[in-house]
Amino acid sequence: MHLLTFVLAIVVILSPGATTPLQPPEPLTVENLVSYQQTLDLLYPDTSHISYNVERWRPFVEKYFAPTDVDTAMQIMQCESGGDPNAKNPRSSASGLFQHLARYWPTRSASAGWTGASIWNPEANVAVAAWLKDTAGWGSWTCY
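Here the sequence shown is numbered in the working numbering, starting from 38 and rising by one per residue.
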């Protein structure tokens, strides 16, 4: 529902360097909206734009993060994994939505109340990220 609200709220979006506006698709169907969101993601890949892939995890972020931390958490997730719960850094063990390091996951997930949860579990990954932020601040993420 957030995506539909987001698209309907947009009046006009200009493509970078373009002179003609990028209009929302007609008719407004779920398929057209997802395609439109994907176009926006390609045009605006920076972290100031939250992609559909990240936006779909907002309920978990709102559940576990303080209200004042939700927007920052969403931007960090955008930068870290692009909202892919199966994201894996090829140069490290960083995994999941918030790119937790595998060597710290067992201790941190247990401390956060998620003993035995997989690093690939989206809800656990978000919940442990919220615990980590509350415990150590935002400095654990290079995207902050």
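In this text, a Cβ means the ideal position worked out from N, Cα and C, and glycines have one as well.
Keep in mind the model is a prediction, meaning the values are calculated, not measured.
**OP:** Kindly list the residues whose CB is nearer than 8 angstroms to the CB of residue 109, restricted to its own chain and excluding five residues on each side of it in sequence; keep chain order.
**Re:** Your numbering for residue 109 matches position 72 in the sequence shown. Around residue 109: 175, 181.
Original post:
If you count every other CB in all the chains shown that lies within 10 Å of the CB of residue 162, and 16 or more means buried, which is it?
Top reply: To locate residue 162, count along the sequence shown from 1; it is residue 125. Looking at its Cβ environment, which holds 16 or more other Cβ atoms inside 10 Å, residue 162 is buried.
Subject >> Outcome for residue 150 when other beta-carbon atoms lying within 10 angstroms are tallied against a minimum of 16 >> reply: Working through the sequence shown from its first residue, we reach residue 150 at position 113. With fewer than 16 Cβ atoms within 10 Å of its Cβ, residue 150 is classed as exposed.
Original post:
Quick one: what does DSSP say residue 177 is sitting in, helix, strand or coil?
Top reply: Counting from 1 along the sequence shown, the entry for residue 177 is found at position 140. Three-state DSSP puts residue 177 in a helix.
Subject >> residue 88, DSSP secondary structure in three states >> reply: Along the sequence shown, one-based indexing puts residue 88 at 51. In the structure shown, residue 88 sits in coil (DSSP, three-state: anything other than H, G, I, E or B).
Subject >> Among 93, 152, 148, nearest to residue 170 - alpha-carbon criterion >> reply: The sequence position of residue 170 within the sequence shown is 133, counting from 1. Nearest C-alpha to residue 170: 148.
**OP:** Could you pull out every residue in the same chain whose Cβ sits closer than 8 angstroms to the Cβ of residue 99, ignoring the five residues on either side in sequence?
**Re:** Position 62 of the sequence shown holds residue 99. Answer for residue 99: 107, listed in chain order.
Original post:
Can you give the Cα-Cα distance for residue 126 and residue 95, rounded to whole angstroms?
Top reply: One-based indexing of the sequence shown puts residue 126 at position 89. One-based indexing of the sequence shown puts residue 95 at position 58. Distance from the CA of residue 126 to the CA of residue 95, rounded to the nearest whole angstrom, comes to 22 angstroms.
Original post:
Alpha carbon to alpha carbon, what distance is there between residue 87 and residue 135?
Top reply: Numbered from its first residue, the sequence shown carries residue 135 at position 98. Numbered from its first residue, the sequence shown carries residue 87 at position 50. Cα to Cα, residue 135 sits roughly 14 angstroms from residue 87.
**OP:** Assign residue 36 to buried or exposed, taking buried as 16 or more other Cβ atoms, counted over all protein chains shown, within 10 Å of its Cβ.
**Re:** This structure gives no information on residue 36, because the portion of the chain shown stretches from 38 to 181.
Subject >> Local conformation of residue 132 per DSSP, three classes >> reply: Here residue 132 refers to the residue found at position 95 when the sequence shown is read from its first residue. Strand, per DSSP.
**OP:** Kindly identify the DSSP beta-bridge partner or partners of residue 125.
**Re:** Reading the sequence shown from its first residue, position 88 is the one you call residue 125. Looking at the DSSP assignment, residue 125 forms a beta bridge with 132.
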